[in-house]
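Below is one structure, written out as structure tokens; the observations come after it.
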Amino acid sequence: MLSGLLGRAAPAAPSSRNVQIAPQTPRAPLRASGQIHAQPTTSANTVTSEARSAGSASTSGRSLSAKDKLAMLDKAKEKRLEALTQDGYNPYKTGAPGIVDVRLYHAAVESQKRMSTKLSEANAQMTLMERRMEETTKDLQDAAAFLKKVAMEFGTTSRLVESTAAAVRFGVDKEDAVAKLVKLCERLEALEKTVQDQRAAFAKRVPKKVPVAWVGVASEVKLMGDFDSWTRGFELSAANIDSDGVIKTFEAEVPLLPGRYRAKFLVDGGWRLASDWPTENDELGETNNILIVQPMPL
Numbered sequence: 003m004l005s006g007l008l009g010r011a012a013p014a015a016p017s018s019r020n021v022q023i024a025p026q027t028p029r030a031p032l033r034a035s036g037q038i039h040a041q042p043t044t045s046a047n048t049v050t051s052e053a054r055s056a057g058s059a060s061t062s063g064r065s066l067s068a069k070d071k072l073a074m075l076d077k078a079k080e081k082r083l084e085a086l087t088q089d090g091y092n093p094y095k096t097g098a099p100g101i102v103d104v105r106l107y108h109a110a111v112e113s114q115k116r117m118s119t120k121l122s123e124a125n126a127q128m129t130l131m132e133r134r135m136e137e138t139t140k141d142l143q144d145a146a147a148f149l150k151k152v153a154m155e156f157g158t159t160s161r162l163v164e165s166t167a168a169a170v171r172f173g174v175d176k177e178d179a180v181a182k183l184v185k186l187c188e189r190l191e192a193l194e195k196t197v198q199d200q201r202a203a204f205a206k207r208v209p210k211k212v213p214v215a216w217v218g219v220a221s222e223v224k225l226m227g228d229f230d231s232w233t234r235g236f237e238l239s240a241a242n243i244d245s246d247g248v249i250k251t252f253e254a255e256v257p258l259l260p261g262r263y264r265a266k267f268l269v270d271g272g273w274r275l276a277s278d279w280p281t282e283n284d285e286l287g288e289t290n291n292i293l294i295v296q297p298m299p300l
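Residue numbers (my numbering): 3 to 300.
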């Protein structure tokens with residue numbers, strides 16, 4: 003009995019002569035066998051891919067045709083229209099199909115308007131500069147032609163002076179010498195008058211620095227006018243602060259050509275008139291200041 007219990011409690015060990023160990027064969031790589039062994043995973047990518055595969059398989063078991071794609075687009079359009087027409091629609095709502103952020107849209111529109119305004123001002127300024135360059139080139143050409151004529155006149159006058167001096171020195175013909183002297187004086191007077199006229203004409207083409215001042219409460223002041231077709235103007239700077247600490251005096255020396263101009267002050271984005279300047283209404287009924295620049299004295 004005891005031997006029976008011992009026999010059931012301790013099974014006999016297998017004999018090495020009866021046990022045969024099967025040789026282990028190396029596992030073939032997945033690429034070589036062409037088989038994929040599924041392994042349990044919980045990653046989000048696997049779940050998403052399975053969901054997509056299931057969704058694709060649930061449609062028709064094949065790729066969507068053009069007709070099916072158009073039908074899906076029509077459904078998306080209907081959902082978008084439904085979201086836009088429903089009660090309590092909020093344009094700032096996120097997640098609704100096809101809704102554009104209104105604030106971003108308005109910011110883009112305002113930015114485009116500012117850029118268009120800046121571009122228009124730059125184009126107007128470029129047009130004005132081109133016109134002034136053409137005028138300056140013409141002035142230089144006129145000056146070169148005038149100097150050429152003056153040089154030729156001086157040559158003729160110098161020869162006339164030499165001939166008159168010889169006639170007076172040798173006393174060949176006193177009447178002829180007197181006639182030459184009279185002719186010489188007339189040519190010199192004509193030359194002087196021509197030079198003075200040209201000098202006065204060129205003085206109108208020389209800019210003159212005009213002191214301009216504006217007194218008031220502001221942070222930015224510009225002088226605008228038709229001297230540059232109301233494009234850029236001249237910025238005035240605050241030289242000092244008055245005793246009350248609020249009113250400032252904005253000053254600048256503005257280079258302007260001699261002439262009569264219509265002008266205004268642009269103070270913090272608003273138009274202002276100088277009380278001590280003369281005023282005039284333009285063709286549109288707008289009141290402007292009158293700025294008269296005198297040419298430089300000869």
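Quick reminder that beta carbons are idealized off the backbone N, C-alpha and C, glycines included.
Can the beta-carbon of residue i be found less than 8 Å from the beta-carbon of residue j?
i	j	result
residue 213	residue 259	no
residue 252	residue 275	no
residue 290	residue 264	yes
residue 233	residue 123	yes
residue 181	residue 170	no
residue 149	residue 166	no
residue 293	residue 279	yes
residue 224	residue 236	yes
residue 211	residue 297	no
residue 145	residue 229	no
residue 268	residue 226	yes
Go to residue i, then tell me how far its alpha helix (DSSP H) extends in each direction, as first and last residue.
i	result
residue 349	Absent from the structure is residue 349, since the part of the chain shown begins at 3 and ends at 300.
residue 157	104 to 172
residue 207	It is not in any alpha helix (DSSP H) - residue 207 carries neither H nor E in the DSSP assignment.
Starting from residue i, trace the beta strand (DSSP E) both ways and give me its first and last residue.
i	result
residue 282	281 to 283
residue 233	Unbroken run through residue 233: none, as it is neither H nor E.
residue 293	289 to 295
residue 271	That residue, residue 271, is in no beta strand (DSSP E); it is neither H nor E in DSSP.
Just grab the DSSP bridge partners of residue i for me.
i	result
residue 249	Beta-bridge pairing links residue 249 to no other residue.
residue 239	253
residue 197	Residue 197 is not bridged to any residue.
residue 262	294
residue 214	254
Per the contact definition of three or more C-beta pairs closer than 8 Å, is the segment 153 to 166 in contact with the segment 123 to 136?
No, the segment 123 to 136 does not touch the segment 153 to 166.
Between the segment 219 to 239 and the segment 190 to 197, can you find at least three pairs of beta-carbon atoms closer than 8 Å?
No, they do not touch.
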